[in-house]
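J.:
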Amino acid sequence: MTIAIYPGSFDPVTNGHVDIASRAAALFDKLIICVYDTPQKRIMFSTTERVTLMKKAVAHLRNVTVVPYSGLTVDHARQMNAKVIVRGLRMSSDFEREFEMALMNKKLAPDIELVCLMTNLEYQFISSSLLKEAAKLGGDITSLVPKHVAVALTDKFRLDREQVKRQSSTVKKATRRKTNGL
Ligand code: ADP
909 MTIAIYPGSF
919 DPVTNGHVDI
929 ASRAAALFDK
939 LIICVYDTPQ
949 KRIMFSTTER
959 VTLMKKAVAH
969 LRNVTVVPYS
979 GLTVDHARQM
989 NAKVIVRGLR
999 MSSDFEREFE
1009 MALMNKKLAP
1019 DIELVCLMTN
1029 LEYQFISSSL
1039 LKEAAKLGGD
1049 ITSLVPKHVA
1059 VALTDKFRLD
1069 REQVKRQSST
1079 VKKATRRKTN
1089 GL
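Just so we're aligned, residue 909 is where the sequence shown starts under my numbering, counting upward by one.
#1: Would you list the one or two residues that DSSP bridges to T973?
#2: For V921 and V1057, which I take to be in contact (beta-carbon distance under 8 angstroms), what is that distance rounded to the nearest angstrom?
#3: Name, in chain order, the residues that DSSP records as bridge partners for G861.
#4: Classify T1062 as buried or exposed, calling it buried when 16 or more other Cβ atoms lie within 10 Å of its own Cβ.
#5: Any heavy atom of the ligand ADP closer than 7 angstroms to the CB of H984?
#6: Compute the distance between the beta-carbons of S930 and L969, then report whether it is under 8 angstroms.
#7: Below 8 angstroms, how does it come out for the region 1007-1017 and the region 930-949: are there three or more Cβ pairs, yes or no?
#8: What separation, rounded to the nearest whole angstrom, lies between the Cα atoms of E1008 and S1036?
#9: Count the CB pairs spanning the region 1019-1035 and the region 939-954 that are closer than 8 angstroms, and state whether there are at least three.
#10: DSSP state of G924, grouped into three classes?
#11: Would you mind stating whether V974 and I941 have Cβ atoms separated by less than 8 angstroms?
#12: If you follow the beta strand (DSSP E) that V966 is in, where does it begin and where does it stop?
#13: So I951 and D919 are in contact, right, with Cβ under 8 angstroms, and what is the actual spacing, rounded?
Spelled out as structure tokens, the structure:
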């Protein structure tokens, strides 16, 4: 039985991620999607939220499970009894990054193989960071992510806007008090 892991930040999961997951699920007996707990980049959704969104997105894939993880990816692969790490490639910059990571991982864990799947043409331009930017500016991202993710993004930006409004009204009040006191 060949077990593979598909690690990533998935902040949030996109149709590109789901496509890679479903193609990998067809190649391996079991695929474990591992949601990285503490990525270096700024994260919008908490680990629990990212896991929940991913679980819903791949609920139709029978041999796929989703777990959070922290620490070294190769250590986590070993804990999961996985022999393969799956990653997706969109453009040449992905290749350079994946190549570097693959060499480091091979040094750390020669027994684990990396399998990179090329993106589907229609998902080539989708990245979590770009779509968050587009959603923030009011762009229609509904064709780029599963439906429940689009809803989660809309909710998140509404909460953010409300928080900014609250903060700016607190600042205005404080400024007014200060000015009146002078
Ligand atoms: P990470 O921070 O680990 O790169 P991401 O969530 O950005 O996490 O991506 C996880 C994996 O999915 C990476 O291998 C990335 O290249 C791949 N990926 C991201 N978006 C797409 C896409 N649209 N098509 C194919 N692969 C993708």
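The beta carbon of each residue, even a glycine, is placed where N, CA and C say it ideally should be.
T.: The structure says:
#1: I940
#2: 6 angstroms
#3: Nothing can be reported for residue 861: it is not among the residues displayed for the chain, which extend from 909 to 1090.
#4: exposed
#5: no
#6: yes
#7: no
#8: 21 angstroms
#9: no
#10: helix
#11: yes
#12: Run containing V966: none; DSSP gives neither H nor E here.
#13: 5 angstroms
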